[in-house]
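Reading through the structure tokens given below for one structure.
Protein chains: 4
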Amino acid sequence: MLLVMRKNATQEEIDAVEKAVIEAGYTSRPIPGGERMAIGVLRNAGPVDPALFAGMPGVAQAIPVTRPYKLVSREVHPHDTVVRVGDVLVGNGHFTFMAGPCAVESLEQCLAIARAVKAAGAQIFRGGAFKPRTSPYSFQGLGEEGLKILAKVREETGLPVVTEALDTAVFDLVEHYADMIQIGARNMQNFSLLRRAGQSKKPVLLKRGMSSTIEEWLMAAEYILEGGNSNVVLCERGLRTFAMHSRNTLDLSAVPVVLKESHLPVIADPSHAAGVRDQVLPLARASAAVGVHGLMVEVHDHPEKALSDGGQSLYPDQFVELAGDIRAIHELLMARAK
Amino acid sequence: MLLVMRKNATQEEIDAVEKAVIEAGYTSRPIPGGERMAIGVLRNAGPVDPALFAGMPGVAQAIPVTRPYKLVSREVHPHDTVVRVGDVLVGNGHFTFMAGPCAVESLEQCLAIARAVKAAGAQIFRGGAFKPRTSPYSFQGLGEEGLKILAKVREETGLPVVTEALDTAVFDLVEHYADMIQIGARNMQNFSLLRRAGQSKKPVLLKRGMSSTIEEWLMAAEYILEGGNSNVVLCERGLRTFAMHSRNTLDLSAVPVVLKESHLPVIADPSHAAGVRDQVLPLARASAAVGVHGLMVEVHDHPEKALSDGGQSLYPDQFVELAGDIRAIHELLMARAK
Amino acid sequence: MLLVMRKNATQEEIDAVEKAVIEAGYTSRPIPGGERMAIGVLRNAGPVDPALFAGMPGVAQAIPVTRPYKLVSREVHPHDTVVRVGDVLVGNGHFTFMAGPCAVESLEQCLAIARAVKAAGAQIFRGGAFKPRTSPYSFQGLGEEGLKILAKVREETGLPVVTEALDTAVFDLVEHYADMIQIGARNMQNFSLLRRAGQSKKPVLLKRGMSSTIEEWLMAAEYILEGGNSNVVLCERGLRTFAMHSRNTLDLSAVPVVLKESHLPVIADPSHAAGVRDQVLPLARASAAVGVHGLMVEVHDHPEKALSDGGQSLYPDQFVELAGDIRAIHELLMARAK
Amino acid sequence: MLLVMRKNATQEEIDAVEKAVIEAGYTSRPIPGGERMAIGVLRNAGPVDPALFAGMPGVAQAIPVTRPYKLVSREVHPHDTVVRVGDVLVGNGHFTFMAGPCAVESLEQCLAIARAVKAAGAQIFRGGAFKPRTSPYSFQGLGEEGLKILAKVREETGLPVVTEALDTAVFDLVEHYADMIQIGARNMQNFSLLRRAGQSKKPVLLKRGMSSTIEEWLMAAEYILEGGNSNVVLCERGLRTFAMHSRNTLDLSAVPVVLKESHLPVIADPSHAAGVRDQVLPLARASAAVGVHGLMVEVHDHPEKALSDGGQSLYPDQFVELAGDIRAIHELLMARAK
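Chains as they are written, first to last, in numbering that gives the first Met the number 0: chain F, 0 to 337; chain L, 0 to 337; chain X, 0 to 337; chain Z, 0 to 337.
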């Protein structure tokens, strides 16, 4: 924390600020400048609340300096983490496709889609058994029956499955059936859920909240690592902005920033960011080109009859095209990086 | 839902859209215009996913028409709801102050603050026992011990207490001790928590998520009413925007819109919106003037030593000033409305 | 500027950064901390570009410290500026109503509205002769004819008039006829226009751009003051956010911040922020309560026939109600401030 | 425009709305639904102001239906426009690199950079002679001297040049020297400038405003086409959002939307979106992969000494790498599209 004093701050005001810093348990270090004094707040174990000092007489600004995250930081853990989901590796050169319907609707539906996406190169099957829905009147997912269908799909196709744990109450159940547990964007700061995920042996897919900063996202991952589970994959899925032509605005600049700050793998979900089918393929290509480690894509064999988010789901042959494009871009980047 | 066709849409495309509407279980109603055709989608029980039709050939736009909420709507329930918290009434002419520290720290602290805010006119005491914190390393609240302190404060001062239920796991506990249960901004779309709140006999304070539309906020309340609990008070606490001079941007235009759309009471929380003490009083005055039914304000007897959010907490004498200003504004509005 | 080094930064990296700081013409001051080094960049005349150093090896963050504005700052000019528009004073205890139609349509219309708003207490008449319109096919204003109508209104009613100068080409004309020159939100960073306004003897009303930070807004005012014209009134009129229930989100927390940072008067324009009539009165009350020095409000005698923005214009009797409410709130604040 | 009535709207209210529609010059078409009435507003030449009817008794919502743009629309002009800049073609399969320094500083600097970027494959040279700067104290560009340098660069290297016209006052000058005239993001709704550009014979590069919707952006282009100049290239350069890890959030989903709605070419400017060098290459790759027709990139031979935006400028060898990556991605997309 750096406290910048006003130009006309009195010595009494400066003394009072230094005293407050020391009383709060920190070390105070005055930094005289050309026109004004600044005071460094040092030896703080965690983040310091800027508002604690910002309101004191003579203080012009209180500026946080150090990053609050530790275990997720590349400063602490310099090498790329590779997360294992079943036999599939995510991160550090491995490019992973996760594909499937928004919601699990039936075994037939899931098997048909799973076989199609596997044939196109998907390595992990996705499908929601518990669905977060804005309306209490919308289809909420098949629940445990959906999880059993997912397990059956894995058995039949060999694909590991990822599905969302909507709350701590169903976490055990999801953990039992799934190979990877998704924490959705709306739950990114559901700290109870994050703590529970920290105690799991299963890898976790942590979506970025649609109004979350990168720091908040990494701090959410920090909760999971701090609990003992370091198998976390981050997933960018778009920000809420004033731009209404897509459901959310995919924030691709977050990818190089996260890759620089953290050792965790990062994937993107163009389906939820777009909200409409036409944008999914171009945004998937853009995500691959920006350098993600994988993609999560919604695919449905009959999108027009889907119980949830049909309008953003690709037809299986569109996914074949997407997977081909993406593989070509990924290989091109790998070749050029050499 | 209204489907607007492109100017050059063929009759085949129009027919295909009408067929898709009917197959999806709706009624199709063609609306020929001057330059193009539109197709109304009628007889839909709930909201229709625009993306289902938006991608079809010839479709220029898919525009949702009806509001998805029912029980919270003034169309269904025209008269103002008044919510009872202990013996305190919220809504429809009653102006309610909820005040107290961000986090419960000790009985002495809470009693001192509670007596001060009661003397200044607060009718409900607030204080967090379970705290949602961005960092796993920050103080997380006293838990059940905090709830017991709140119960003791009620016993000593007669003030009913409101406190946050962070998840379904602690809901029973919070319900047992508190007079009103807060669902925080980060949990506004924690649907499990909303469903649990719908089964409670206790009134619920539902904060607006910082990137939530009014429709999503009212739909979150709809979950609670649909579960059987119609004692919901809405709380505006600011949006996440690019403006960084306050923690969030208090969206006061939401207040007249919600008052028009819904029968539920609405209060504002200027402390969390502002994030800094200097802005709390002016934003509290603005909230009262815009027409809220109450305010939730953070007050601490020693903000500089607070374990959470000290920088935005008012000193007790600042709250006295605030309460005086707000009462004067409220009485003025009541007198002028006659 | 403060450059925070990575924990594992080498001495060579630190030396290179210090060298770069000195070569760029600044003074470098190392600040050793517990875990990492920081380097202060001092003696900079103006703002330093953070990106200059942020990309250097070993640098974790580059944090700007000093405010870039000077003439508009309260640090340089501690006392409130009062701006004179004709015989009307704006700022420092004077509360000023500016009211009138969005666009000047005819002398009859303007006179009717001007008399109505004057009777209700408005001190300045507003009306657009040159209108910024999103569509080239919309009504663009009457141009010089509109300015002549405004001059006639002043002559007949005694009210000074404020109107927008859309570009430098029409500035002379607007300056000739008007008592106060408005620079619109879309032009807030039209630097040529700001420079021209800086050479004017007439007072300037500077609206905040809908995606501008407070710093950018004050820097726009700095252009005008730097040019020699210190008669600037700032006007908050809402931000572009994801919230679509109002046209823009009025940022009332900006008001206390600007009042603290700058000596210039600040008013609000609830009409353009709201975009719909129903929200204008509550937002006007909120603006008055937060502490603005005045309001700009659109009033039309036949809003349903207005050539521009009729839907947000108040009927004259609604303005009477608004003016009464606002005066009462302002007097209450004045009385309580004593 | 579609007017949706409240469920409990009376026949009198419906009649009044229909009457108002007709009086405003439109045709009214009632659309009875299951639970409520809707009223179509037809035969409108241009856009209808929703607020005109939204406030009438019984009206629940007023929903705009038709797009307001005409000349830029693919409905009017189905085939891709190809814009010629000197001898360089932009659009419809041609991929165009525009590269150069943020600001023109000297002939030596410009020639050195121009030769480097030409060697790497750039077809158009960019450089600012008139710079829009947030601060009046920052370097504002060399003015006409800068334009002369650009002309000299063209003469020496054969590269056509693009540079910004900051206002109508300097437009003639810029038009005289440049091959393509840039209208910057802050000027996207400077309607006087757009009208002037509409009268030019030179092609125009129209940057998207950082808080502009796609509709507003296309309407800005509509001003230029309506004036008679159809040689417009659109440039996406990022939105202002709460995300502060990049200067702006590049909105890549805008690209497929604009390509669908309009026939004009679209390029991206990753340098200004990013604001920091590290993000420029990944965002450039993402832009190419999403399907833009070209890129504008800032390159400087000594970024650390640049007079403007040095921190986001690439070193020449970084541009070589970027151009290689982008060409490979573009060729891959062309090959796969066959």
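Think of the CB as a built atom: it goes at the ideal place given N, C-alpha and C, for glycine as much as any other residue. Predicted, not measured: the structure shown is a model, and the values here were computed from it.
In this structure, residue 165/L lies away from residue 135/L, with their beta-carbon atoms at least 8 Å apart. At a cut-off of 8 Å, the C-beta of residue 256/X has a neighbouring C-beta in chain L. No Cβ of chain F is located within less than 8 Å of the beta carbon of residue 9/X. Annotated as proximal: residue 125/F and residue 99/F, with beta-carbon spacing under 8 Å.
In terms of Cα proximity to residue 200/X, the closest of 8/X, 66/X, 324/X and 226/X is 226/X. Separation of residue 213/L and residue 236/F (C-alpha to C-alpha, rounded to the nearest whole angstrom) is 22 Å. The beta-bridge partner set that DSSP reports for residue 317/F is empty.
A Cβ-Cβ separation of about 23 Å leaves residue 196/L out of contact with residue 247/L under the 8 Å criterion.
Within the DSSP secondary-structure output, residue 31/L pairs in a beta bridge with 36/L. In this structure, DSSP gives residue 234/L an extended state, which the three-state scheme calls strand. For the options 330/Z, 175/Z, 264/Z and 293/Z, the alpha carbon positioned closest to that of residue 78/Z is the one of 264/Z. Between the segment 285–295 of chain X and the segment 278–297 of chain L, the count of C-beta pairs closer than 8 Å reaches three or more; the two stretches touch. Counting along the chain, the unbroken beta strand (DSSP E) around residue 4/Z starts and ends at 1–4. For the pair of segments examined, the segment 139–150 of chain F was found not to touch the segment 0–7 of chain L: the number of CB pairs separated by less than 8 Å stays below three.
18/X is the residue among 224/X, 18/X, 280/X and 141/X whose C-alpha sits nearest the C-alpha of residue 55/X.
For residue 333/F, not one C-beta of chain L is nearer than 8 Å to its own C-beta.
The segment 184–231 of chain Z is shown to contain whole alpha helix (DSSP H) runs of 4 or more residues at 190–197 and 213–225, in chain order. By a beta-carbon distance limit of 8 Å, residue 242/X does not contact residue 249/L. Their separation comes to about 11 Å. Along the segment 208–226 of chain L, going in chain order, the ones with a CB nearer than 7 Å to a CB of chain F are 209, 210, 215, 218, 221, 222 and 225. Assigned with DSSP and collapsed to three states, residue 90/F falls in strand. Residues of chain F with a Cβ closer than 7 Å to the Cβ of residue 290/Z are, in chain order, 281. The beta carbon of residue 328/Z falls within 8 Å of a beta carbon belonging to chain F, placing the residue at that interface. Contact check for residue 101/F against residue 245/F fails: the beta carbons are separated by 8 Å or more. Shown here, residue 297/F sits in a strand according to DSSP, grouped into three states. For residue 74/X, the residues of chain F that pass the 7 Å Cβ criterion are 5, 6 and 7, in the order they occur in the chain. Taking the Cα of residue 160/X as reference, the smallest distance to any Cα among 202/X, 13/X, 280/X and 41/X is reached at 202/X. Residue 103/F is not a Cβ neighbour of residue 70/F, given a cutoff of 8 Å.
Counted as a single uninterrupted DSSP element, the beta strand (DSSP E) harbouring residue 83/X occupies residues 82–84.
Listed in chain order, the non-local C-beta contacts of residue 231/F below 6 Å within the same chain comprise 203, 205, 220, 223 and 263, local neighbours out to five positions each way being set aside. Taking 8 Å as the cut-off between beta carbons, the residues of the segment 229–247 of chain L near chain Z are 239, 240, 241 and 243, in sequence order. Contact annotation: residue 62/L and residue 16/L have beta-carbon atoms that are not nearer than 8 Å. In the DSSP assignment, residue 145/X falls within the alpha helix (DSSP H) that extends over 143–156.
By the C-beta density criterion, residue 91/F is exposed, having fewer than 16 other C-beta atoms within 10 angstroms. Chain-ordered listing is empty here: chain L has no CB closer than 9 Å to the CB of residue 157/Z, the nearest sitting near 42 Å. Short of 6 Å from the beta carbon of residue 156/X, and not among the five residues preceding or following it, lie these beta carbons of its own chain, in chain order: 113 and 117.
Chain Z has no Cβ within less than 8 Å of the Cβ of residue 307/F.
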